[in-house]
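Going left to right, the sequence shown walks through residues 1 to 149 as full-length UniProt numbering numbers them.
In this text, a Cβ means the ideal position worked out from N, Cα and C, and glycines have one as well.
Quantities reported herein were computed from a predicted structural model and do not represent experimental measurements.
What follows is a set of notes on a single structure, which appears directly below.
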Amino acid sequence: MFNSLLTHPNSLFGQFDRLHRELDEVFGIAGLPTSIRSVATGTVPQINLGRTPQSVEVYAFAPGLDASKIEVTLDRGVLRLAGERVAPASGSDRQRFYARERATGRFDRTVALPDDVDPDQVKASYRDGVLQVSIARREAAQPKRIAIQ
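This is the structure:
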């Protein structure tokens, strides 16, 4: 019951939450979050990070971006994803938004990777708004089957 009161957008609590987000945008200090529930600017695109026995996989959800303008670098075990989402051109200077949930502007995400990744074996692809970066793990870090004699 309480969960639905807090998450329903038309409830009193939902309206307070919306007001709080709007005040964060206006009075926030240089992109820093103003509460524990706020998200700092620059934390887009959202990512999923996982690993297989052979690789570390990073999925960045970035629809509507030009793949040639996304910068992917790997330096000393830190993966960096950078780029910019341009705001769509508005039809009029008098246009007002009732909701603006899609972040625009420059983004820069860094992800610390495990020590066992091989920086010479990195593949990146962008398809259907998802950037996939696959970094191979060193052979010494992969599990080995030991034959019993």
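So what does DSSP say about residue i, is it helix, strand or coil?
i    : result
A103 : coil
G14  : helix
L113 : coil
A140 : helix
R21  : helix
A67  : helix
T52  : coil
R127 : strand
I146 : coil
Q95  : coil
Name the residue from the options whose alpha carbon lies nearest to the alpha carbon of residue i.
i    : options                   : result
E84  : I70, Q132, F97 and R100   : I70
A141 : H20, I47, Q15 and P53     : P53
V44  : S11, V111 and P119        : V111
V130 : P114, R94 and I47         : I47
A60  : Y126, D115, A136 and R138 : Y126
D108 : I146, A62, E139 and R145  : A62
R106 : Q149, P143, L65 and G77   : L65
Q132 : A67, I146, Q149 and A99   : A67
A103 : K144, I148 and P88        : P88
Output needed for residue i: all residues of its chain with C-beta closer than 7 Å, excluding positions within five of it in sequence on either side, in chain order.
i   : result
T73 : R80
G50 : E57
Taking its Cβ as the centre, do 16 or more other Cβ atoms sit within 10 Å of residue i, making it buried, or is it exposed?
i    : result
S55  : buried
V86  : exposed
P117 : Note that residue 117 is Val in the sequence shown here, rather than Pro. The residue is buried, with at least 16 neighbouring Cβ atoms inside 10 Å.
L113 : buried
With a CB to CB cut of under 6 Å and the five nearest residues on each side skipped, what residues in its chain are close to residue i?
i    : result
K123 : S134
Q121 : A136
Output needed for residue i: all residues of its chain with C-beta closer than 8 Å, excluding positions within five of it in sequence on either side, in chain order.
i    : result
F97  : none
R138 : D116, V117 and D118
Between which two residues does the beta strand (DSSP E) holding residue i run?
i   : result
V44 : From DSSP, V44 is part of no beta strand (DSSP E); its letter is neither H nor E.
S55 : S55 to F61
G83 : V78 to R85
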